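Protein chains in written order, with our numbering: chain U, 198 to 413; chain C, 198 to 413.
There are 2 protein chains.
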Amino acid sequence: MAGKSVRADQVSATRELILTAAERLFAERGVYAVSNRRISEAAGQGNNAAVGYHFGTKADLVRAIARKHGGRIEQVRVRVLDEAGDSNDMRDWVGCLVRPVTEHLAALGSPTWYARFCAQVMTDPALHDIMTEESLASPALRCIVRRLHGSMPDLPAEVRSERGAMARQLIVHTCAERERALAESTPTPRASWHDTATGLVDAIVGMWRAPVTRRG
Amino acid sequence: MAGKSVRADQVSATRELILTAAERLFAERGVYAVSNRRISEAAGQGNNAAVGYHFGTKADLVRAIARKHGGRIEQVRVRVLDEAGDSNDMRDWVGCLVRPVTEHLAALGSPTWYARFCAQVMTDPALHDIMTEESLASPALRCIVRRLHGSMPDLPAEVRSERGAMARQLIVHTCAERERALAESTPTPRASWHDTATGLVDAIVGMWRAPVTRRG
DNA sequence: ACCTAAGTCAAGCGACTGATTTAATTGCGG
DNA sequence: CCGCAATTAAATCAGTCGCTTGACTTAGGT
């Protein structure tokens, strides 16, 4: 599985170093508060232009970070998708939405930075589209959403998209807030990522099941 | 009601000009992508240091914007708080949480920038605390939260705080997403801010009422 | 063994940043 | 009516930014 040449290994190691350093600095200081120079030196590269050389612009770097994690999350998605089988219980499909994220964060060990990174990128006007593209590139996710919608066929389309957006916001920002609390050693409502997922699923299922007030 | 002197009016007008220009640029381009210089010239001030003169650092400017809107929102809060009276229906208190925000955005006319501004500030590690402080400074909000908690006395404390945080995230980012869609002329799930509030209240009430899965 | 191509490094470019300083403008109180 | 103090304007500062350049190092092919 190792690279076919010593040189290629060196390169991918450098890229990985830059990627993780950038992710950490972005999460802790803010994406736009960190320059490519700082990232390069934090990654141990004497070259202050290493980021530009390997990735190009900052938007490209953000995309590379998102894609790296996106790949790992996608693997978990296909697994939970398989586990869910052909269930008709909405709760199972909400779990398929939530657990890939929380399990990925749990697998990263402690501390993590990705959730805070995602939250920032999702709210930044210049980077928002990047994250959206990378997320929509997941076939498993689209399948899960389809099955989720199938489990409540009589919900109006506008409410479906409205609550779908809410569920997305909830997952991203709840994870980011927990990650922030962990980083600051502040008390968290839940003891583990697994429990956090349970709380999220409870809340999102309740949200989806909520009766719709007729306009008037 | 006007200022007591011509000069004082001039000054507060300049401050207001800077405030609105900054809010707009922050929402459209990102808080850290906009320099104080750009804000000054967008506000029609030949002085490229006008922002620094009137407000100080960028964090101070952010706080000033948050405080300006916070004051208006607080007025709506005390009104809806009065309207809710001594209701025991949780839905009324969730409405007290949601409507001040949506009604304020509706009152601002179109387009608005404050919701996107808030979403960014809330997710930025360096600015997050500022927004939190400004929000917690609202006595009406604290009262509403107390009444809301009182309407579901048998909910465990951890779940209470967990879902409280979720409701916060939901309100901020749902409004920001709608505002973004309006700015880009993208279809929105709801036709008005009033309907958006209805959808938010439906969802949040459903979330609060959701049964809590026992850990296991 | 030598050459090519790719990766790394150090230096420097112009542009821009926040902050400070100086000068001109202007309403206000005496 | 005039000096004062506050505000705006303009110029300037040192520092950092992204980006480009050219030299150096080294793996892989011939």
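Yeah, the Cβ is synthetic: ideal placement off N, Cα and C, and Gly gets one too.
Computed from a predicted structure; not experimentally measured.
For C/Gly243 and C/Ser237, the gap between their C-alpha atoms comes out near 7 Å. Take C/Val231, set aside five residues on each side of it, and the residues of its chain with a beta-carbon closer than 7 Å to its own are Leu222, Phe223, in chain order. At a Cβ-Cβ threshold of 8 Å, C/Gly227 and U/Asp321 count as neighbours.
The closest CA to that of C/Ser335, considering only C/Ile215, C/Trp390, C/Pro297, C/Met404, is found on C/Pro297.
CA-to-CA, the gap between C/Ala210 and C/Val273 works out to about 24 Å. Take the alpha-carbon of U/Thr395 and the one of C/Ala218: they are about 43 Å apart. For the 8 Å CB-CB criterion, C/Leu345 and C/Val291 form a contact. Exclusion of the five residues before and after U/Ala373 leaves Ala312, Arg313, Ala316 as the residues of its chain whose Cβ lies within less than 6 Å of its Cβ. By the neighbour-count criterion, in which 16 or more other beta carbons inside 10 Å mark a residue as buried, C/Asp289 falls on the buried side. A contact is defined here as three or more CB-CB pairs under 8 Å, and the segment 377-395 of chain C meets this definition with respect to the segment 355-374 of chain U. Closer than 8 Å to the CB of C/His266 there is not a single CB belonging to chain U.
Interface annotation for the segment 371-395 of chain C against chain U: Thr371, Ala373, Glu374, Arg377, Pro386, Arg387, Asp392, Thr395, criterion Cβ-Cβ distance under 8 Å. Taking C-beta separations shorter than 7 Å and ignoring five residues to either side along the sequence, the partners of C/Ala337 in its chain run Glu271, Arg274, Val275, Leu278, following chain order. DSSP, reduced to helix, strand and coil, places U/Trp290 within a helical segment of the structure shown. Below the 8 Å Cβ cutoff, chain C contributes Thr320 as neighbours of U/Ala316, in chain order. Around the beta carbon of C/Glu300, 16 or more other beta carbons sit within 10 angstroms, so the residue counts as buried. Leaving aside the five residues that flank U/Ala378 on each side, the residues in its chain whose CB is nearer than 8 Å to its CB run, in chain order, Pro384, Thr385. For C/Val409, a Cβ of chain U is located within less than 8 Å of the residue's own Cβ.
Residues of the segment 260-289 of chain C with a Cβ closer than 9 Å to any Cβ of chain U: none. Between C/Ala246 and chain U, the shortest Cβ-Cβ separation is not below 8 Å. For C/Met404, the chain U residues whose Cβ falls inside 8 Å of its Cβ are Ala400, Ile401, Gly403, Met404, Ala407, in order along the chain. Interface annotation for the segment 218-252 of chain U against chain C: Glu225, Arg226, Gly227, Tyr229, Ala230, criterion Cβ-Cβ distance under 7 Å. Proximity to U/Leu324 across U/Arg260, U/Met404, U/Val208, U/Pro408 peaks at U/Arg260, based on C-alpha coordinates. One alpha carbon belongs to U/Ala407, the other to C/Asp399, and they sit about 6 Å apart. Taken in chain order, the whole alpha helix (DSSP H) runs of length 4 or more contained in the segment 214-260 of chain C are 233-239, 247-252. Around the beta-carbon of C/Asn285, fewer than 16 other beta-carbon atoms lie within 10 Å, marking it exposed. Taking U/Arg360 as reference, the option from C/His266, C/Gly347, C/Pro350, C/Arg375 with the minimal CA-CA separation is C/Arg375. Look at C/Arg360: its C-beta is under 8 Å from a C-beta on chain U. Between C/Glu300 and chain U, the shortest Cβ-Cβ separation is not below 8 Å. For U/Glu330, not one C-beta of chain C is nearer than 8 Å to its own C-beta.
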